[in-house]
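Remarks on the structure that follows.
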Amino acid sequence: MPQIDDLVLFTQVIEHGSFSKVATLNKITKSVVSKRISKLEAELGVQLIYRTTRKLTLTEPGTVLYHRAKDINQVAQSAFNAITGYSEALSGHIRMSVPTISGELLLAEAVSDFCQKHPGLSVDMSLDNQFVDLVAENYDLVIRTGYLEDSSLIARHIFNSRWMICASPDYLAKNGTPDTPKALLRHNCLGYTQQSSGPFDWLFIKNSQPYTLKVAGNFSSDNAAALRKSTLAGNGLSYLPTCLIYDDLQNNTLVEVLPEHTGKVVGIYAVYPYTRKPAKRIQALIEHIRECYMEIKDHF
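1 is the number of the first residue of the sequence shown in my numbering; add one for each residue after it.
Next comes the structure, spelled out in structure tokens:
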């Protein structure tokens with residue numbers, strides 16, 4: 001099987017148009033370059049380059065191989081760069097924005113721990129449920145949930161957060177436990193206004209297909225923590241992220257309702273500008289956040 005190094009050498013020969021230049025670039029002799037290209041041709045069973053004293057010309061198979069492989073060196077270098085520096089001391093400043101729920105429950109501790117591991121690093125973390133303008137507001141990194149529409153940004157998926165419908169035992173004792181999604185129409189449902197589809201459009205699954213049901217209630221909020229408190233007080237049912245109510249479920253102060261029907265899963269993403277190559281400190285922080293989510297994935 002051909003070696004990747006020989007393939008990279010082949011693309012360099014085509015780009016520089018000279019065995020000698022590639023030999024100098026790689027600090028090897030011209031004859032070594034020639035032998036490795038010949039070896040590649042022999043392993044592939046085709047001639048890749050027509051050699052004359054004046055120039056090098058690609059054959060048809062050589063043209064196909066070059067166009068498929070020309071980015072291999074860049075991709076490999078990018079992959080190496082992505083992890084280079086993880087074990088090195090990181091320094092500098094990071095300005096980031098995170099959702100209120102994630103910031104309060106996980107990211108504040110995770111990011112401050114990251115700063116402790118890297119004394120030369122500082123982070124300014126803003127809690128904001130609105131999607132900020134990264135470039136205009138000079139943010140290095142944003143953690144956000146849901147679908148990313150702006151093609152000028154890069155989003156790296158970190159984790160999926162499962163949401164569930166919940167109520168207090170007292171509320172269910174007084175009003176009954178709904179056994180189907182339609183039964184919710186007889187209940188007071190508390191709406192989350194940050195939900196893109198609408199605060200009272202709740203997502204369900206039937207025959208493996210998602211659908212929404214419009215419920216109703218007398219209270220809504222853009223703050224999920226406020227909905228949690230209202231639910232704990234016995235004022236209705238809420239559709240909330242598992243991470244927010246995990247401890248309440250363990251303590252039986254909240255009860256999950258209709259688990260076989262709910263299907264809301266929200267992706268959590270690390271987002272940064274497309275035109276800006278992320279610094280090593282940004283890459284390292286993203287990886288640290290991802291590891292923190294993975295450690296407590298059952299809570300999400």
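We treat Cβ as the ideally placed atom computed from N, Cα and C, and that holds for glycine.
Item, Value
"Pair within 8 Å by beta-carbon distance, Arg281 and Leu153", "no"
"Closest Cα partner of Lys174 within the set Asp248, Lys30 and Asn188", "Asn188"
"Limits of the beta strand (DSSP E) - the one that Phe159 falls within", "Leu153 to Ala167"
"Segment limits, beta strand (DSSP E) that includes Tyr293", "Per DSSP, Tyr293 belongs to no beta strand (DSSP E); it is in the alpha helix (DSSP H), Lys280 to Glu295."
"Nearest-angstrom Cα separation, counted from Ile205 out to Tyr211", "6 Å"
"Rounded separation between Ser168 and Ser220 - CA only", "17 Å"
"beta-carbon Thr63 near the ligand MN non-hydrogen atom, thresh 7 Å", "Among the ligands in the structure shown, none appear at all, so the ligand MN cannot be discussed."
"Terminal residues of the beta strand (DSSP E) in which Asp201 lies", "Asp201 to Lys206"
"According to DSSP, residues forming a beta bridge with Cys189", "Leu237"
"At least 3 beta-carbon pairs within less than 8 Å: the region 92-111 vs the region 123-132", "yes"
"Spatial distance of Lys39 from Val13 (CA atoms)", "14 Å"
"Beta-carbon contacts of Val33 that lie in its chain and below 6 Å, excluding the five residues immediately before and after", "Phe19, Val22 and Ala23"
"3 or more residues per run - each beta strand (DSSP E) lying fully within the region 14-86", "49-51 and 56-58"
"Simplified DSSP assignment, three categories, for Glu104", "helix"
"Residues near Pro178 in its chain [Cβ-Cβ closer than 7 Å; skip 5 each side]", "Leu184, His187, Val257 and Leu258"
"Helix, strand or coil at Ser136 [DSSP, three-state]", "Note on residue identity: the sequence assigns Ala, not Ser, to residue 136. If DSSP states are grouped into helix, strand and coil, Ala136 belongs with coil."
"Integer-rounded CB distance, given that Gly267 should sit under 8 Å from Ser196", "Wrong, their Cβ atoms sit about 13 Å apart, outside the cutoff."
"Residues of its chain near Asn235, where Cβ-Cβ distance is below 6 Å and the 5 sequence neighbours each way are ignored", "none"
"Span separating the alpha-carbon of Ser112 from that of Arg36", "50 Å"
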